[in-house]
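Okay, so here's the structure we're looking at.
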Amino acid sequence: MNSETTTLPHDTGAAAGDASSSASSVRVASSGPFPLRSPAGGAPLDDVAETELGALATLVARARAAQVAWAEVPIRERAELVARVKKRLLARAEEIATLVHRECGKPIEEAALAEVLPNADLIDYWTRSIEELLDDSPVALDPLAYPGKVGRIQRDPRGVVALITPWNYPVAIPLRTIVPALLAGNAVVFKPSEVTPRSGALVASLFDGLLPDGVLAVAQGGSDLGAALVGAGVDLVVFTGSVATGKKIAVACAERLVPTSLELGGKDSAIVLGDCDLERTARGVLWGAFTNAGQNCASIERVYVEQAIADRFIGRVVELTGKLRAGIDVGVMTTARQAQLVRHQLEAAVEGGAEILAGGAPEEGSLAFPPTVLKVEREDTPLLQEETFGPVLPVIVVKDAEEAIARTNASRFALTTSVWTRGYERAHALARRLRSGVVTINNHGFTGALPAAPWTGAGDSGYGVTSSPHALAELTRPRFLLEDRSRAKSELWWYPYTPALRTVAFAMARARGGAAWFGRISALVELVAALARRLLGR
Ligand code: NAD
Numbered sequence: 006m007n008s009e010t011t012t013l014p015h016d017t018g019a020a021a022g023d024a025s026s027s028a029s030s031v032r033v034a035s036s037g038p039f040p041l042r043s044p045a046g047g048a049p050l051d052d053v054a055e056t057e058l059g060a061l062a063t064l065v066a067r068a069r070a071a072q073v074a075w076a077e078v079p080i081r082e083r084a085e086l087v088a089r090v091k092k093r094l095l096a097r098a099e100e101i102a103t104l105v106h107r108e109c110g111k112p113i114e115e116a117a118l119a120e121v122l123p124n125a126d127l128i129d130y131w132t133r134s135i136e137e138l139l140d141d142s143p144v145a146l147d148p149l150a151y152p153g154k155v156g157r158i159q160r161d162p163r164g165v166v167a168l169i170t171p172w173n174y175p176v177a178i179p180l181r182t183i184v185p186a187l188l189a190g191n192a193v194v195f196k197p198s199e200v201t202p203r204s205g206a207l208v209a210s211l212f213d214g215l216l217p218d219g220v221l222a223v224a225q226g227g228s229d230l231g232a233a234l235v236g237a238g239v240d241l242v243v244f245t246g247s248v249a250t251g252k253k254i255a256v257a258c259a260e261r262l263v264p265t266s267l268e269l270g271g272k273d274s275a276i277v278l279g280d281c282d283l284e285r286t287a288r289g290v291l292w293g294a295f296t297n298a299g300q301n302c303a304s305i306e307r308v309y310v311e312q313a314i315a316d317r318f319i320g321r322v323v324e325l326t327g328k329l330r331a332g333i334d335v336g337v338m339t340t341a342r343q344a345q346l347v348r349h350q351l352e353a354a355v356e357g358g359a360e361i362l363a364g365g366a367p368e369e370g371s372l373a374f375p376p377t378v379l380k381v382e383r384e385d386t387p388l389l390q391e392e393t394f395g396p397v398l399p400v401i402v403v404k405d406a407e408e409a410i411a412r413t414n415a416s417r418f419a420l421t422t423s424v425w426t427r428g429y430e431r432a433h434a435l436a437r438r439l440r441s442g443v444v445t446i447n448n449h450g451f452t453g454a455l456p457a458a459p460w461t462g463a464g465d466s467g468y469g470v471t472s473s474p475h476a477l478a479e480l481t482r483p484r485f486l487l488e489d490r491s492r493a494k495s496e497l498w499w500y501p502y503t504p505a506l507r508t509v510a511f512a513m514a515r516a517r518g519g520a521a522w523f524g525r526i527s528a529l530v531e532l533v534a535a536l537a538r539r540l541l542g543r
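Numbering of the sequence shown is given in the numbering used here, commencing with residue 6 and proceeding in unit increments.
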C-alpha cells in the first residue's frame, strides 16, 4: 500500500500530517470534503490526508507496474497472503466496529455483525476457492471438424481496478471487491467515500506489508477525485453508490470503453402474504427496514401486505417499533443531507394523505431520526418512487399477491425483494416473476453477507455483480487459448478459395439440416466427393 496516500497508521495514533507530511501528493485536510465530527455525539474525528488530483496518474502508473508482477505470483501464494488479513480483521474487531460507529453513527453491535464477521467468511471463501475458480476450463472441439486442436479458457486479471465506494458499509463494501480483485491478480486503487475516509484507510491498513508496493493504493477525496480516478486510465471501474453518480460513471466509462460494474440504489419491497408467520414476519420486516437506520441499499422501503392480515401485521409492527431504543437498536443517520431528504419524502407523503403510525421526523437538523411507520395508499409519492435511505417504513395494503408483485415490479429499482409466507411452493413461483436480483423467502437483506451468493440488481439498481463466482466475470477477462497440433499443411478454410470449397460449404449446410432427409443423403455424397477434390487442391 502507498503510505503517502493513506491516513493514520492504525497503531500509532499519529496525525495524518505526521505520517505523510513529506509526501508531495497529500495535504492535511482540516476541512476539505471530510466530516470532522462524529454523527454519533459530535466528538472530533482525526484529520485525513487528502489525495491531490495530480497524484492520481502516479498512483495508477505504480499500480499498473505492480500489477504485472503481482499477477505472476502463483495463485496459491496470493491466497496465502490475503488469507492473513482474516486474523488481523478479527483481532481488530473492536477497533473496526468502534471506528465505523464513530464515522457512521451505527450501533457498535451492528458494525461488528455487518462489517467484521462476514468479512472473515468472505476471506475464507475467496482464498479457499480462488484456485479452482480461476482454473483453466477446457473447451470441447469436434475432432473431425477440428483435428489436432485443443482449446481452453483462461481467466486473466483486468489490470488496474478503480474501486469507488459509499459510506453506509465502509468496511464490508470495499472488502467484498478488494479481496477477490487482488486474488484474481489485479491491482486496486481504492477511493473510499469522503464521509468515511478513516474506515477506508483502516480497510487498506489490513493489507499493510502483505502486498508488493502499489498493488493496493488508497486515494482519499470527494467526487472530483472519484471522477478523476475514473478517467485515469484504469482497466475496470467497480462502483457502489447512488444512481446519479452511477450514471455519470457509466457515461465516463462508455466514452473510454472502460468496463464498469455498478451496484446502485434500491427500493426493496417486502411482500407479506396472509399465511405468513406473523410474529417472525413483523420482526423480520422491522429489522429489514431499520437496520443501519435504513441507510442500506437493500432496506425494506415498501411493505405490500395482503388485506386479510393487514391490521394484525401493522399493529404488531407499530408495537415493535415503539420498543426500539434510540442509539442502542437504531443509530443516528450519518449525514444531515440524507436526513433532510428523508424528511422531505415523509412530509410529501403525509401531505398526500399518508398516516404516520409510529415515529415521525425529528426536529430540523437532528440526525436522530426515529424509526417511522406509516400507512400509505397513493403510489405516486416520492416515498414510494425514490430511494429513501432512512428509517421509514411505508406499509401499503393490497388485495392479493398479484397486486403486490405488480407494484413491486413497477419500480425502476430492482435490487432485492422478500416474500413472507408459509407456502414455499407458491413463494418460489412468485419469486420467478420478480425482477429483483435477490429474492428471499421469510428473510430480508442479509444475503449481502454471503460471499458465495451473487449480489446484483436490475434497472436503476445497476448491473454490477458482487460476490460469488459471477463477480469474477467482472474482475477478470476470459482468454481463449487454442493449441493446434495438426500435421496437415493446410486447413479446409484456408486459401485458395476454389469451386470445390464452395461445393463443400453448401453441401455441409444441406447435410447438417438445411435439407429434408433424402436431400441430406445426397448432400453427404456430394460433400465427400468435393472434399476429395479439395484435398487435391481443386
Ligand atoms: P454517492 O454516489 O454519493 O457516492 C459514492 C461514491 O462515489 C463516493 O466515494 C463519492 O465520492 C463518489 N463519487 C461521487 N461523485 C462521483 C463522480 N462523479 N465520479 C466518481 N465518483 C464519484 O453515494 P453515497 O451517498 O455514498 O451512497 C449511498 C448510495 O449507495 C445509495 O443510493 C445506496 O443505495 C447505494 N448503495 C448500493 C449498494 C449496492 O450494493 N447496490 C450498497 C450500498 C450502497
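Glycine included, every Cβ here is placed at the ideal spot set by N, Cα and C. Every value quoted in this text rests on a predicted model; they were computed, and no experiment measured them.
### Query
Can we count ILE178 as close to ligand 1, meaning its CB is less than 7 Å from some heavy atom?
Sequence index remark: in the sequence shown, residue 178 carries index 173 (1-based). Yes, since a heavy atom of ligand 1 falls inside the 7 Å radius drawn around the Cβ of ILE178.
### Task
Sort out for me which residues DSSP pairs ALA195 with in a bridge.
For the purposes of this step, residue 195 is taken as the residue at position 190 of the sequence shown. The residue asked about is misnamed: residue 195 is Phe in this sequence, not Ala. In DSSP, PHE195 forms a bridge with LEU168 and VAL223.
### Query
Distance, Cα to Cα, ASP52 vs GLY59?
In the sequence shown, counting from the first residue as 1, residue 52 sits at position 47. In the sequence shown, counting from the first residue as 1, residue 59 sits at position 54. Taking the straight line from one Cα to the other gives about 21 Å.
### Message
For the structure I just gave you, are there three or more beta carbon pairs, one from the region 201-211 and one from the region 485-504, closer than 8 Å?
### Response
Verdict: no, contact absent.
### Query
Does the Cβ of GLU391 have 16 or more other Cβ atoms within 10 Å, making it buried, or fewer, making it exposed?
Your numbering for residue 391 matches position 386 in the sequence shown. With 16 or more other Cβ atoms within 10 Å, it is buried.
### Pairwise C-alpha distance: THR339 and PRO185
On the sequence shown, position 180 is the one that residue 185 refers to. On the sequence shown, position 334 is the one that residue 339 refers to. C-alpha separation (whole angstroms): 28 Å.
#### Entry: Reference GLU4; option with closest CA among PRO175, ILE183 and ARG181
A query on residue 4 cannot be resolved here, the shown segment of the chain reaching from 6 to 543 and no further.
### Query
By the 10 Å Cβ neighbour count, where 16 or more other Cβ atoms means buried, how is ALA74 classified, buried or exposed?
Taking the sequence shown and counting its residues from 1, the one referred to as residue 74 is at position 69. Under this definition ALA74 is an exposed residue.
### Task
Output the boundary residues of the beta strand (DSSP E) element that contains THR481.
For the purposes of this step, residue 481 is taken as the residue at position 476 of the sequence shown. Note, THR481: beta strand (DSSP E), 481-489.
### Query
Relative to the alpha-carbon of PRO5, which residue among GLU115, ASP489 and ILE305 has its alpha-carbon at the smallest distance?
The question about residue 5 has no answer here: the residues shown for the chain are numbered 6 through 543.
### Task
Give me whichever residues DSSP pairs with LEU267 in a beta bridge.
Numbered from its first residue, the sequence shown carries residue 267 at position 262. Bridge partners of LEU267: PHE244.
### Task
Go to ILE446, then tell me how far its beta strand (DSSP E) extends in each direction, as first and last residue.
Taking the first residue of the sequence shown as position 1, residue 446 is located at position 441. Looking at the DSSP string, the run of the beta strand (DSSP E) that includes ILE446 is 443-446.
### Task
Under the assumption that ALA294 contacts LEU420 (Cβ atoms under 8 Å), give the Cβ distance between them as a whole number of angstroms.
Looking up residue 294 in the sequence shown gives position 289. Looking up residue 420 in the sequence shown gives position 415. The beta-carbon separation of ALA294 and LEU420, rounded to 14 Å, does not stay under the 8 Å limit for a contact.
### Task
Compute the distance between the beta-carbons of PRO162 and GLN72, then report whether it is under 8 Å.
As a working mapping, residue 162 is identified with position 157 in the sequence shown. As a working mapping, residue 72 is identified with position 67 in the sequence shown. Yes.
### Query
Mind checking whether the beta-carbon of SER416 lies closer than 7 Å to any heavy atom of ligand 1?
To locate residue 416, count along the sequence shown from 1; it is residue 411. Outside the cutoff, so no.
### Query
Between SER142, ASP140, GLU137 and ALA102, which lies nearest to ASN124 when the distance is taken from Cα to Cα?
Your numbering for residue 124 matches position 119 in the sequence shown. In terms of CA proximity to ASN124, ALA102 leads the group SER142, ASP140, GLU137 and ALA102.
### Task
Please state if the CB of PRO40 and the CB of LEU50 are separated by a distance shorter than 8 Å.
Residue numbering aside, residue 50 sits at position 45 when the sequence shown is read from its first letter. Residue numbering aside, residue 40 sits at position 35 when the sequence shown is read from its first letter. The criterion of a C-beta distance shorter than 8 Å is satisfied by LEU50 and PRO40.
### Query
ligand 1 heavy atoms versus the CB of LYS252: any closer than 7 Å?
Start at 1 with the first residue of the sequence shown, and residue 252 comes out as number 247. Set against 7 Å, the gap from the CB of LYS252 to the closest heavy atom of ligand 1 is not smaller.
### Task
Look at the alpha carbon of ARG525 and the alpha carbon of ARG492, and state the distance between them as a whole number of angstroms.
Taking the sequence shown and counting its residues from 1, one reaches residue 525 at position 520. Taking the sequence shown and counting its residues from 1, one reaches residue 492 at position 487. Taking the straight line from one Cα to the other gives about 30 Å.
### Query
Cα separation between PHE244 and ALA76?
The sequence position of residue 244 within the sequence shown is 239, counting from 1. The sequence position of residue 76 within the sequence shown is 71, counting from 1. Distance between the alpha carbons of PHE244 and ALA76 is about 23 Å.
### Query
Since GLU311 sits in a beta bridge, which residues does DSSP pair it with?
Within the sequence shown, the letter at position 306 stands for residue 311. When beta bridges are read from the DSSP output, GLU311 appears opposite VAL403.
### Query
In whole angstroms, what is the alpha-carbon distance linking LEU487 and ASP140?
The residue you call residue 487 lines up with position 482 of the sequence shown. The residue you call residue 140 lines up with position 135 of the sequence shown. In this structure, the alpha-carbon of LEU487 lies about 16 Å from that of ASP140.
### Query
Shortest alpha-carbon distance to ALA344 belongs to which of ALA432, VAL242, ARG89 and PHE394?
Numbered from 1 along the sequence shown, position 339 holds the residue referred to as residue 344. Ranking the options by Cα distance to ALA344, first place goes to PHE394.
### Task
Can you grab the Cα-Cα spacing for the pair ALA415 / TRP131, in whole Å?
Taking the sequence shown and counting its residues from 1, the one referred to as residue 415 is at position 410. Taking the sequence shown and counting its residues from 1, the one referred to as residue 131 is at position 126. So the alpha carbons of these two residues sit roughly 36 Å apart.
### Task
Flag this pair as yes or no: are the beta carbons of ALA209 and ARG67 separated by less than 8 Å?
Residue 209 sits at position 204 when you count from the first residue of the sequence shown. Residue 67 sits at position 62 when you count from the first residue of the sequence shown. The answer is no: Cβ separation not under 8 Å.
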